[in-house]
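In this text, residue positions in the sequence shown follow the working numbering: the first is 49, and each later residue adds one. The beta-carbon is built from N, C-alpha and C at its ideal position, and this holds for glycine as well. Computed from a predicted model, the values in this text were never measured in an experiment.
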Amino acid sequence: MTGLINYVSCGALWLGLAVKTPDLIRHRHDPYLRAICAVLGLAGVCFLLGAAPTVGAVNRLSGVPNLAAPLTYASITAYSAASQVLIVHWRGGPRVRRVVRRWVVAYAVVLVGIAVMFALGSAPVERRTDLDTYYATTPFIAEMIVLYLLGHLTAVTVTTVSSLCWAREVSGRLRAGLVLLGTGSLCNAGYSVTKLVAVVARWCGRDWSRLGTTVSPAAAGLGALLTSVGILVPLAGPRLTQWRRSRRAYARLEPLERELDGVLTRHALRLPRPRWASPTTRLMWRQTSIHNALGYLDATFDHALVRTRARRPRWKAGGEKEAGGSPPPWAGGESGPAGRPGRGPEARERPAPGPALPGPGRAFAPPRGPPGGRLDGGRFPGGRGAWYASPTPGDDPGGRPPGRHRRRTRS
Numbered sequence: 049m050t051g052l053i054n055y056v057s058c059g060a061l062w063l064g065l066a067v068k069t070p071d072l073i074r075h076r077h078d079p080y081l082r083a084i085c086a087v088l089g090l091a092g093v094c095f096l097l098g099a100a101p102t103v104g105a106v107n108r109l110s111g112v113p114n115l116a117a118p119l120t121y122a123s124i125t126a127y128s129a130a131s132q133v134l135i136v137h138w139r140g141g142p143r144v145r146r147v148v149r150r151w152v153v154a155y156a157v158v159l160v161g162i163a164v165m166f167a168l169g170s171a172p173v174e175r176r177t178d179l180d181t182y183y184a185t186t187p188f189i190a191e192m193i194v195l196y197l198l199g200h201l202t203a204v205t206v207t208t209v210s211s212l213c214w215a216r217e218v219s220g221r222l223r224a225g226l227v228l229l230g231t232g233s234l235c236n237a238g239y240s241v242t243k244l245v246a247v248v249a250r251w252c253g254r255d256w257s258r259l260g261t262t263v264s265p266a267a268a269g270l271g272a273l274l275t276s277v278g279i280l281v282p283l284a285g286p287r288l289t290q291w292r293r294s295r296r297a298y299a300r301l302e303p304l305e306r307e308l309d310g311v312l313t314r315h316a317l318r319l320p321r322p323r324w325a326s327p328t329t330r331l332m333w334r335q336t337s338i339h340n341a342l343g344y345l346d347a348t349f350d351h352a353l354v355r356t357r358a359r360r361p362r363w364k365a366g367g368e369k370e371a372g373g374s375p376p377p378w379a380g381g382e383s384g385p386a387g388r389p390g391r392g393p394e395a396r397e398r399p400a401p402g403p404a405l406p407g408p409g410r411a412f413a414p415p416r417g418p419p420g421g422r423l424d425g426g427r428f429p430g431g432r433g434a435w436y437a438s439p440t441p442g443d444d445p446g447g448r449p450p451g452r453h454r455r456r457t458r459s
């Protein structure tokens, strides 16, 4: 169980890094994305190097007792610098680059100080878990310990204050993410504070090393988990919402696909069902199959005959059939009572376009084009490639816009 907290925390942080890596590859020049990935990656390295088994392995392979300590402190310092860079990019402003350079230079000086202090000091006895308190009174090693703890405490304090203050100005998932990030940074501050308390107690002649060996790792592990979740919540929230909507639409289209199953099977119009696909991809597969079937059925219909038979029940029910046996002028739907197109009762009763279940007097009508002349979908990945588009509002089953054609009536 030794080092389990460190390894679990490292895995959680690197999982967040894996989620953000595709975005970083697509937008490799985005400084904000680079700062986020640097924070996640370096935080994971800190936990990895801080685990007792890793400490022993580094010391054994290098042949230098306690070499893992300055490496761990250097990774914590680099993580602190990346956190400050991320906060600066969040705030924005005209002097972002200048402020970033200042923070980078400041923490570079801390890194150099850690290396110099370790080289000047003497730590011959290997200490895997309590080096901070064991060498708290050793010249140069004590200064190295205090230097990295103060640098880390400064970074997490700025991150905590900035995140919680900004959380009051926003709402939704961004606010939740900032609150989690601020809380995780506060836990990381607890790591530095407990370490410093244990060191100061050592200076005073007391042994509080358990603070550094039990409380500090637990606080750091909890902080790593909250920090990872806080960074991922605003990023993964929109994607989860899209998946939920896609699942609902996928379920609503199931009855229509079931009605068209015979056509899809007989004529091999259904694309291969995707496996291990996201809800959005499955929705695209079902929409493509449905539109393939509707396109096939469209060629078998006489649209003029279908419209005529669909209007006859309304003529008889309305009792407005003319004496000469011809339907009233508004029956064709081309002109209303005032002679304006699309204003008659037939225009108001016309069923909404788009896929619909077959019923008396109705027929399948394939979509005639995307709204605004833009495709809503695309080619199904991995399939045989059938384009689909959303139905255009206002198109009738014959494909003609309403009100564009008048029927001449005899006077």
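- Membership of S337 in the alpha helix (DSSP H) is indicated by the continuous run 327 to 346.
- Apart from sequence neighbours up to five positions away, the residues of its chain that approach L201 with a beta-carbon distance below 8 angstroms are A237, S240, V241, L244, ordered along the chain.
- G111 carries a coil assignment under DSSP once its states are collapsed to helix, strand and coil.
- DSSP, reduced to helix, strand and coil, places W256 outside both helices and strands of the structure shown, so it counts as coil.
- CA-to-CA, the gap between L308 and P282 works out to about 40 angstroms.
- Shortest Cα-Cα distance from V112 to any of L159, I135, S170 involves S170.
- Taking 7 angstroms as the cut-off, the Cβ atoms of R176 and A126 do not count as close.
- One Cα belongs to A325, the other to R355, and the distance between them is close to 41 angstroms.
- In this structure, DSSP gives S170 a state outside helix and strand, which the three-state scheme calls coil.
- In summary, R334 is buried, with 16 or more beta-carbon neighbours lying within 10 Å of its beta-carbon over all protein chains present.
- Secondary structure note for H137: its alpha helix (DSSP H) is the uninterrupted segment 116 to 139.
- Counting along the chain, R295 sits inside the alpha helix (DSSP H) bounded by residues 264 to 300.
- A60 and A190 have their alpha carbons spaced roughly 31 angstroms apart.
- Across the set E305, P320, A122, R145, the C-alpha of A122 shows the shortest separation from the C-alpha of L159.
- For the pair G310 and P286, the Cα-to-Cα distance works out to about 37 angstroms.
- The beta carbon of I338 sits closer than 7 angstroms to the beta carbons of L301, L304, E305, L308, P403 from its chain, once the five residues preceding and following it are set aside; these are given in chain order.
- Between the C-alpha atoms of R216 and R223 there is a straight-line separation of about 7 angstroms.
- Cβ-Cβ distances below 6 angstroms link F95 to N54, S57, C58 in the same chain, with the five nearest sequence neighbours on each side left out; the list follows chain order.
- DSSP, reduced to helix, strand and coil, places W324 outside both helices and strands of the structure shown, so it counts as coil.
- Taking C-beta atoms under 8 angstroms as the contact rule, L274 and T231 qualify, at a distance of about 5 angstroms.
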